[in-house]
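What follows is a short report on a single structure.
Protein chains: 2
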Amino acid sequence: MTDKDSDASSAPERKRGSGVKMVYDLLRDEILDLVLPPGSPIDEVQLAERFKMSRTPIREALVRLAGEGLIATLPNRSTMVSNIDFLNLHTFFDALVLMYRVTTRLAAEHHRQEDLEVIRARQAEFAAAVQAQDALAMIATNAAFHSAIAEAGRNPYFTGLFNRLLDEGRRILRLYYQSYDDRLPQRFVDEHEDMIAVIAARDVEAADRLARTHAEQIVEQIQKLFARKDRLEIAL
Amino acid sequence: MTDKDSDASSAPERKRGSGVKMVYDLLRDEILDLVLPPGSPIDEVQLAERFKMSRTPIREALVRLAGEGLIATLPNRSTMVSNIDFLNLHTFFDALVLMYRVTTRLAAEHHRQEDLEVIRARQAEFAAAVQAQDALAMIATNAAFHSAIAEAGRNPYFTGLFNRLLDEGRRILRLYYQSYDDRLPQRFVDEHEDMIAVIAARDVEAADRLARTHAEQIVEQIQKLFARKDRLEIAL
DNA sequence: AGAGCGATTTTTGTCGACAAATAAAATACA
DNA sequence: TGTATTTTATTTGTCGACAAAAATCGCTCT
């Protein structure tokens, strides 16, 4: 599967400051989409020749990824994709539920007209992804939908924290969606519609309530999933 | 003031992997303690000769700091210490209050016996700093106190988010404490004692209530401060 | 044959140097 | 004298190379 983007394009020229960002973005996506599963070794020289650049910009991208906890670096030895902490999964869900509630509540309070259009656009993309049964697109558009709601809440700290959590969760969600064979989430589409309605109505309490049940339902589904497949085949 | 640590120690040898961490830690502290005020230019070569090392490890440290938003990098031009966003200060306080509440609440729920000892130790250090009227120590020990409470809550995501906020706030708190001439915070010492008591009693609702009033009181003081000094002399 | 020890290989951390990009200075021109 | 343009200088981004650490392999000795 040497897919999508050919790293060695015919033009060997690359714009000056773009190296690190390109490597960072691509590696990050590959990690979050489980193309690079947890535990995968990260080889600097391999990446260097893959992107046809020196090790220096690669290292800077890796430092950034390490700063976000996506890769783990043993002092003088290898560096690899960080593991998912399955044991403390419930703490992650607690945080996720809270941020769902807070951001949705704030959106109901502070959103402007333009925000709603953005949110509806994201919701349309999510619905399309569900229709097409495209798991990766579902994850991405679902995150974008809730991220747009958070943006409408107009608190950059909360949106920052929330996006951070959504990223963390992308790997877990990836497991979730791919296990359910890309069906089922039609229900989420409807719930999203309800959330948009209460936000538009500026019904803060209802927004909080909906966000809570929405989040808790997702959490319940995922936990059910992890209870079934004994976590042995996925944990490494 | 060529203080504390002499960068050029008699031994020109430094341990192999320690360069980036040393630069990162020091720069980070200098930024958060306002030794490097917002807007200060960061010169790579200057740092390089100051630490007697190449620009490569310095750059990696800077990349990490930029990842945390502590420094801002103009594409091909200079990099400098990020500004404090005074305009959206209230959003920061909203986030801070919420995290105070959540972490204290969880601490009341999930703490163990050992946690209380750690918390009490931090509280003692904070009281000592207040007694000594040492502003920097007050900030550090206050943050450590609340961080210990968060740890007792046993949710690494919340502690991570919370510590992040506390760091962000260190610069603002620095302004706050240095303006009040290092007196007044005796009241906080007492409130901390109350918080410890309700946590130990596992009174979740009381913990939430205390954390909320404690946080909101701090916020109110700081906002009062920023209303007075017209923010002109401090904003740059 | 197995364990201990030294040499080789691999990978990381650091270095000095070069080239692109931008700002600052100098020059020309109206 | 003021403005546009070229030249210089400063600073960043990238490169190839070297040296330290760790792991791997091979050898020796009992």
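Going line by line, the protein sequences match chains A and B. Each residue of the first sequence is one higher than the one before, counting from 1 in the UniProt record's numbering. Each residue of the second sequence is one higher than the one before, counting from 1 in the UniProt record's numbering. Every residue, glycine too, gets a C-beta built ideally from N, C-alpha and C.
Between G67/B and G67/A, the C-beta spacing is below 8 Å. Residue range T79 to V81 is occupied by the beta strand (DSSP E) that includes M80/B.
CA-to-CA, the gap between L98/A and L34/B works out to about 33 Å.
Following the DSSP letters along the chain, one finds A201/A in no alpha helix (DSSP H), marked with neither H nor E. Secondary-structure assignment with DSSP links I42/A through a beta bridge to T79/A. Against chain A, the beta carbon of L87/B has no neighbour under 7 Å; the closest one sits roughly 11 Å away. By DSSP's assignment, A72/A forms a beta bridge with M80/A.
Taken in chain order, the whole alpha helix (DSSP H) runs of length 4 or more contained in the segment 113-178 of chain A are 113-132 and 135-153. The CB of V102/B comes closer than 7 Å to the CB of L98 in chain A, given here in chain order.
DSSP places D29/B in the uninterrupted alpha helix (DSSP H) bounded by G19 to L32.
Not one beta carbon of chain B lies nearer than 8 Å to the beta carbon of L166/A. Look at F51/A: its C-beta is not under 8 Å from any C-beta on chain B. Only residues of its own chain outside the window of five on either side were considered, and among them D208, A211 and R212 have a CB closer than 6 Å to the CB of R101/A, listed in chain order. When C-beta atoms of the segment 137-155 of chain A are compared with those of the segment 102-114 of chain A, three or more pairs fall below 8 Å, so the two segments count as touching.
The contact set of D94/B on chain A, defined by CB atoms closer than 7 Å, consists of N155 in chain order. With 16 or more other Cβ atoms from the protein chains shown falling within 10 Å of its own Cβ, Q123/B counts as buried. Under the 8 Å criterion on CB atoms, G17/A is classed as interfacial with respect to chain B. In the DSSP annotation of this structure, the continuous segment of the alpha helix (DSSP H) that includes P57/B starts and ends at R55 to G67. Bounds of the alpha helix (DSSP H) holding H90/B are L89 to H110. The shortest C-alpha to C-alpha distance from E109/A to any of I139/A, T141/A, I149/A and A129/A is the one to I149/A. DSSP places F86/A in the coil class of the three-state scheme, outside both helix and strand. DSSP places K15/A in the coil class of the three-state scheme, outside both helix and strand.
Scanning R55/A, M53/A and A143/A for the CA closest to the CA of I218/A turns up A143/A. The segment 116-136 of chain B makes no contact with the segment 67-80 of chain B, as fewer than three CB pairs between them are under 8 Å.
Setting aside the 5 residues that flank it on each side, R55/A is surrounded in the same chain by E44 and A48, each with a C-beta closer than 6 Å to its C-beta; the list follows chain order. Ranked by Cα distance from A128/A, the first of Q186/A, L89/A and E216/A is Q186/A. For the C-beta of V35/B, not a single chain A residue is nearer than 8 Å; the gap to the nearest is close to 22 Å.
In this structure, the straight-line span from the alpha carbon of K224/A to that of L175/A is close to 13 Å. Scanning its chain for C-beta atoms nearer than 6 Å, with the 5 sequence neighbours on each side dropped, one finds around E191/B the residues H214, in chain order. Excluding sequence positions up to five before and after L36/B, its CB lies within less than 6 Å of the CB of E30 and V81, all in the same chain and listed in chain order.
Taken through DSSP and simplified to helix, strand or coil, K52/A comes out as coil. In this structure, I42/B and L62/B form a Cβ contact; the two beta carbons are roughly 7 Å apart against a cut-off of 8 Å. Short of 7 Å from the beta carbon of P38/A, and not among the five residues preceding or following it, lie these beta carbons of its own chain, in chain order: V81, S82, N83, I84 and L236. Just so you know, the alpha carbons of L89/A and S147/B end up roughly 21 Å apart.
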